[in-house]
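Undergrad: When the letters of the sequence shown are read in order and numbered with mature numbering (1 follows the signal peptide of the UniProt record, and there is no 0), they come out as residues -20 to -1, 1 to 745. Here a beta-carbon is modelled for each residue, glycine too, at the ideal position from N, C-alpha and C. Note that this is a predicted model, so its numbers are computed, not measured.
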Amino acid sequence: MKWIYSVSLAVSLAMQPAFAETLFGPHPMTEQARDAFVDQLLSKMTLDEKIGQMRLISVGPDTPKEAIRDMIQHGQVGAIFNTVTRPDIRAMQDQVMQLSRLKIPLFFAYDVVHGQRTIFPIPLGLAASWDVDAVAEVGRVSAYEAADDGLNMTWAPMVDVTREPRWGRVSEGFGEDTWLTAQMGRAMVKAMQGNSAADRYNIMTSVKHFAAYGAVEGGRDYNTVDMSPQRLFQDYLPPYKASLDAGSGGVMVALNSLNGVPATADSWLLKDVLRGDWKFKGITISDHGAIKELIKHGVAGDPQEAVRVALKSGIDMSMSDEYYSKYLPGLVKSGAVSMAEINDAARHVLNVKYDMGLFNDPYSHLGPKASDPQDTNAESRLHRTEARDVARKSMVLLKNWRDTLPLKKEATVALIGPLADSQRDIMGSWSAAGVAKQSITLLQGMRSAMAGKGTVLYAKGANVTDNAGVQAFLNQYEPAVSVDTRSPQALIDEAVAQAKKADVIVAAVGEAQGMAHEASSRSDLSLPASQQKLLAALKATGKPLVIVLMNGRPLTVVNEDRLADAMLETWFSGTEGGNAIADVLFGDYNPSGKLPMSFPRSVGQIPIYYNHLPTGRPYNFAKPNKYTSHYYDAVNGPLYPFGYGLSYTRFTVSPVKMSAKTMPRNGTVEASVTVTNTGKRDGATVVQLYLNDPVASISRPVQELRGFQRIMLKAGESQTVRFKIDVDALKFWNQKMQHVAEPGKFNVAIGLDSVRTQHGEFDYL
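#1: Answer with buried or exposed for residue 110, where buried requires no fewer than 16 other C-beta atoms within 10 angstroms of its C-beta.
#2: Buried or exposed: where does residue 432 fall if 16 or more other Cβ atoms within 10 Å of its Cβ makes it buried?
#3: How would you label residue 533, buried or exposed, when you count the other beta carbons within 10 angstroms and need 16 or more for buried?
#4: Tell me the DSSP secondary structure of residue 78 in three-state form.
#5: Note the first and the last residue of the continuous beta strand (DSSP E) segment covering residue 726.
#6: Based on Cα-Cα distance, which residue from 350, 117, 434 lies nearest to residue 364?
#7: Whole-angstrom Cβ separation of residue 232 and residue 189, contact assumed at under 8 Å?
#8: Check the DSSP bridge columns for residue 530 and list the partner residues they point to.
#9: In whole angstroms, give me the CA-to-CA distance for residue 168 and residue 141.
#10: Does the distance from the C-beta atom of residue 500 to that of residue 406 stay below 8 Å?
#11: Between the alpha carbons of residue 51 and residue 185, how many angstroms are there, rounded?
#12: CB-CB under 7 Å to residue 633, same chain, minus the five flanking residues each way: which ones, in chain order?
#13: Among 201, 250, 245, 647, which has the Cα closest to the Cα of residue 275?
#14: Hey, how far is the Cα of residue 221 from the Cα of residue 543?
#15: Can you name, in chain order, every residue of its own chain whose Cβ lies under 6 Å from the Cβ of residue 703, other than the five neighbours on each side?
#16: Can you round the beta-carbon distance between residue 30 and residue 323 to whole angstroms, since I take them to be within the 8 Å contact cut?
#17: Please report the straight-line C-alpha distance between residue 1 and residue 649, rounded to a whole angstrom.
#18: By the 10 Å Cβ neighbour count, where 16 or more other Cβ atoms means buried, how is residue 333 classified, buried or exposed?
#19: Can you give the beta carbon distance from residue 187 to residue 165, rounded, assuming they're within the 8 Å contact cut?
#20: When DSSP labels each residue in this structure, what does residue 1 get in the three-state scheme?
#21: What residue does the beta strand (DSSP E) around residue 87 start on, and which one ends it?
#22: Drop a sphere of 10 angstroms on the beta-carbon of residue 35, count the other beta-carbons inside from all chains shown, and report buried for 16 or more, exposed for fewer.
#23: Could you tell me which of 283, 342, 224 sits nearest to residue 254, measuring between CA atoms?
#24: Within this structure, are the beta carbons of residue 710 and residue 726 separated by less than 8 Å?
#25: With distances taken from CA atoms, which of 339, 639, 209 is nearest residue 179?
#26: Tell me which residue opens and which closes the beta strand (DSSP E) that residue 232 is part of.
#27: How about residue 397 and residue 489: do their beta carbons lie closer than 8 Å?
#28: If I measure Cβ to Cβ from residue 284 and keep anything under 8 Å in the same chain, skipping five residues before and after, which residues do I get?
#29: Does the separation of the CB atoms of residue 570 and residue 628 fall below 8 Å?
#30: Ordered along the chain, which non-local residues of its own chain (more than five positions away) have a Cβ less than 6 Å from that of residue 171?
#31: Give me, in chain order, the residues of the same chain whose beta-carbon lies closer than 6 Å to that of residue 747; leave out the 5 immediate sequence neighbours on both sides.
#32: Excluding five sequence neighbours on each side, which residues of the same chain lie with their C-beta closer than 7 Å to the C-beta of residue 735?
#33: In whole angstroms, what is the alpha-carbon distance linking residue 102 and residue 293?
#34: Going by DSSP, what residues sit across from residue 38 in a beta bridge?
#35: What did DSSP end up calling residue 739 once you bin it into helix, strand or coil?
#36: So, for residue 427: in the same chain, excluding its five sequence neighbours on each side, which residues have a beta-carbon less than 8 Å away from its beta-carbon?
Structure below.
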């Protein structure tokens, strides 16, 4: 293997021959070699240097680069985040090599959640593709671009299962289902880390947020979580476990408390489960400022106690606070913290640096200085083809009355809405180093698709919201939302005038990206009033109305469903979003996405999720009874169920065929259906397998996803889809917290969503 060193590294190592021989490689990338190396390195380190390795510093107003330079010189920094260009990263690594005593390299991290420079659909949109290969493609491209910027780690994937659409961070995860989230998280980890996080264009992942952050009460960010052990292990922990089994080198610890204990202080979670039961050997990192927050959580009376509790509970690295460096030396001196505990945490940090290849070459993800891009934001650094392809797969057709879609390119189309021409919003939250000016809006995409054929008439029609307080909130940290100062009625009048001249109206409505973000929990999931008034005015024109939703969570769109002739869920679809949406609207791509979360009819239904437990008094829609589990003032089920999504063609599913009536202990059985494209267009769909254990030692969900296959069928074509069911698909955590599969009958359901299914059964012996 060829090892590349910068000039500054070569000079610094020449000045330190002892370290040149022992510290830097090449070293064998084996666990045995790593452990021996880290043992040797720890023996050379002072207490302050070990504590320094346990600090993760964010570049920003509170810690400017000059202050960080001084920290580096004194060995007080182990890693940096929020620096994303090669020159800046190189300069900081140079400072380590030139100024620090032991020259232990820094690692550099960033929130690369759904792309680095090329922005893909938000993770909720990626889950809507139900396409593991597409998610892997996003992981590979994201890792390539991040590593090409000099980064070594990402705070991703987020595998927090959530049934709470009010929570702002819904947009960062893969939805309400445990099994789907586990598949997507596993695929992302494998794609980003590849065979080794040390390879030039791979990066290490840090799965987040451990644990159960998606279950915060009321959907209010940073709130408490309280749940039974069965629900925790059955529904919320499996995606973390799957991602760690896939090789993730890092875990970011959640900000919430779990059953009364903040995750940052939860030794049962971080030591007994994570390291004991799961044998995790990587690094645990607190979330931003979480150690300080232990005081406000009420489990520490002062900073010293917060630090002692966090370290003893298993937090290796402290993100963005000074508490470790300020208080650990005194705690060690007093005996409140042992050197063994310090060594254990520092060892985990050094281990991942070894695994990143930094002791072979601190500049491995930077390359020679001469290779730095002259234009960091150069168009040539983007992967537009991949972004467009994945974005199209993520879109879900919710309604298409009388085949309103696809549109004709020769038509006159009125494109209306506050999100129709927003380059910032189409990228979504956590858009890393993406540049808004490089993203394609829906207006741009439609104009390109219709060029030389039809006409696009455009009007904004409304602001995202007319609420001044919400506008100020959205623009608190960046000018993210442009506010048109004309009166709401003037905006609507302009839009209606354009609409009257058109054959069809396309309304781009939903949320600004900042409305679906960390700290952006909502109590009301309906469209803002400004947009509702706009849609009513557009509907009154009598023209066909196509609603294009852009949002980061399920919304309550019962009224919009009534108004629309067609409705397309596009989430926040990324850099190539406008082109991808246009591809679907005009039929150049047949939509195939499926919902990864149920869409409630109202906030009052929340939580509403497909895999709920049965009750003793279930509601029967066909034979309603007062004394059953239901709302008397609303339809019981969701507006759009989990797994739902239409196509421009139609598919039929045959009855389920079982390979056998019984499944032997630890054996397998196969369930199959034949899917036929009965429409006139070629198209893809997702065939979904659900299981139900009707009689068990504890109540089991009415159904649980246990498999899916995305298939492509030409018009008139049929395909037999087979699912192998093994004992792992039957297991659950019983009342004694044993992971078991109990003998008995199991129901099988296969369909194109969680509601319209064909059924079979088998007995597990």
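TA: The relevant details are as follows:
#1: In the sequence shown, residue 110 corresponds to position 130, counting from 1. Buried, by the Cβ-count rule.
#2: Position 452 of the sequence shown, counted from the start, is the residue given in the question as residue 432. Residue 432 is classed as exposed because its beta carbon has fewer than 16 other beta carbons within 10 Å across all chains shown.
#3: Numbered from its first residue, the sequence shown carries residue 533 at position 553. Residue 533 is buried by the Cβ-count criterion.
#4: Against the sequence shown, residue 78 aligns to sequence position 98. Residue 78: helix per DSSP, three-state reduction.
#5: Position 746 of the sequence shown, counted from the start, is the residue given in the question as residue 726. Counting along the chain, the unbroken beta strand (DSSP E) around residue 726 starts and ends at 724 to 731.
#6: Taking the first residue of the sequence shown as 1, we reach residue 364 at position 384. Measuring from the Cα of residue 364, the nearest candidate turns out to be 117.
#7: Position 252 of the sequence shown, counting from 1, holds the residue named residue 232. Position 209 of the sequence shown, counting from 1, holds the residue named residue 189. Yes, residue 232 and residue 189 are in contact; Cβ-Cβ is about 6 Å, under 8 Å.
#8: Taking the sequence shown and counting its residues from 1, one reaches residue 530 at position 550. Under DSSP, residue 530 shares a beta bridge with 490.
#9: As a first step, residue 168 must be located in the sequence shown, where it is residue number 188. As a first step, residue 141 must be located in the sequence shown, where it is residue number 161. Each residue's Cα considered, the two are about 16 Å apart.
#10: Within the sequence shown, residue 500 is the residue found at index 520, counting from 1. Within the sequence shown, residue 406 is the residue found at index 426, counting from 1. Against a cut-off of 8 Å, the Cβ pair of residue 406 and residue 500 comes out as no contact.
#11: One-based indexing of the sequence shown puts residue 51 at position 71. One-based indexing of the sequence shown puts residue 185 at position 205. The straight-line gap from Cα to Cα measures roughly 26 Å.
#12: Working through the sequence shown from its first residue, we reach residue 633 at position 653. 653, 655, 730, 731, 732, 738, listed in sequence order.
#13: For this step, residue 275 is matched to residue 295 along the sequence shown. Nearest to residue 275 by C-alpha distance, out of 201, 250, 245, 647, is 245.
#14: Taking the sequence shown and counting its residues from 1, the one referred to as residue 221 is at position 241. Taking the sequence shown and counting its residues from 1, the one referred to as residue 543 is at position 563. When rounded, the distance between both Cα atoms is 43 Å.
#15: Looking up residue 703 in the sequence shown gives position 723. Result list for residue 703: 651, 669, 687, in chain order.
#16: Translated into the one-based positions of the sequence shown, residue 30 becomes position 50. Translated into the one-based positions of the sequence shown, residue 323 becomes position 343. The Cβ separation is near 7 Å, so the contact holds.
#17: As a first step, residue 1 is located in the sequence shown; it is residue number 21 there, counting from the start. As a first step, residue 649 is located in the sequence shown; it is residue number 669 there, counting from the start. Note that residue 1 scores a pLDDT of 47, beneath 50, so its modelled location is shaky; the value from the coordinates is reported in the next line. Rounded to the nearest angstrom, the two C-alpha atoms are 58 Å apart.
#18: Sequence index remark: in the sequence shown, residue 333 carries index 353 (1-based). So residue 333 ends up on the buried side.
#19: Position 207 of the sequence shown, counting from 1, holds the residue named residue 187. Position 185 of the sequence shown, counting from 1, holds the residue named residue 165. Indeed, because the Cβ distance is near 7 Å, the residues count as touching under 8 Å.
#20: Working through the sequence shown from its first residue, we reach residue 1 at position 21. Annotation note: pLDDT 47 at residue 1 (below 50); position unreliable, no value reported.
#21: On the sequence shown, residue 87 is found 107 positions in, with the first residue counted as 1. In this chain, the beta strand (DSSP E) harbouring residue 87 covers 87 to 90.
#22: In the sequence shown, residue 35 corresponds to position 55, counting from 1. Buried, since its Cβ has 16 or more Cβ neighbours within 10 Å.
#23: Position 274 of the sequence shown, counted from the start, is the residue given in the question as residue 254. Residue 254 has its Cα closest to that of 224, out of 283, 342, 224.
#24: Taking the sequence shown and counting its residues from 1, one reaches residue 710 at position 730. Taking the sequence shown and counting its residues from 1, one reaches residue 726 at position 746. Judged by their CB atoms, residue 710 and residue 726 are nearer to each other than the 8 Å cut-off.
#25: Taking the first residue of the sequence shown as 1, we reach residue 179 at position 199. Selected option, being the one with the closest Cα: 339.
#26: Here residue 232 is taken as the residue at index 252 of the sequence shown, counted from 1. Run containing residue 232: 230 to 233, per the beta strand (DSSP E) assignment.
#27: To locate residue 397, count along the sequence shown from 1; it is residue 417. To locate residue 489, count along the sequence shown from 1; it is residue 509. At a Cβ-Cβ threshold of 8 Å, residue 397 and residue 489 count as neighbours.
#28: Walking along the sequence shown from the start, residue 284 turns up at place 304. 307, 310, 311, 316.
#29: Taking the first residue of the sequence shown as 1, we reach residue 570 at position 590. Taking the first residue of the sequence shown as 1, we reach residue 628 at position 648. Yes; because the gap between Cβ atoms is below 8 Å, this pair is in contact.
#30: Residue numbering aside, residue 171 sits at position 191 when the sequence shown is read from its first letter. Around residue 171: 116, 119, 120.
#31: The question about residue 747 has no answer, for the chain in this structure spans -20 to 745.
#32: Your numbering for residue 735 matches position 755 in the sequence shown. The answer, listed in chain order, is 621.
#33: Locating residue 102 in the sequence shown gives position 122, where the first residue counts as 1. Locating residue 293 in the sequence shown gives position 313, where the first residue counts as 1. Roughly 33 Å separates the two Cα atoms.
#34: The residue you call residue 38 lines up with position 58 of the sequence shown. Bridge partners of residue 38: 61.
#35: For the purposes of this step, residue 739 is taken as residue 759 along the sequence shown, with counting starting at 1. Strand at residue 739.
#36: By one-based count along the sequence shown, residue 427 stands at place 447. So the qualifying residues of the chain are 436.
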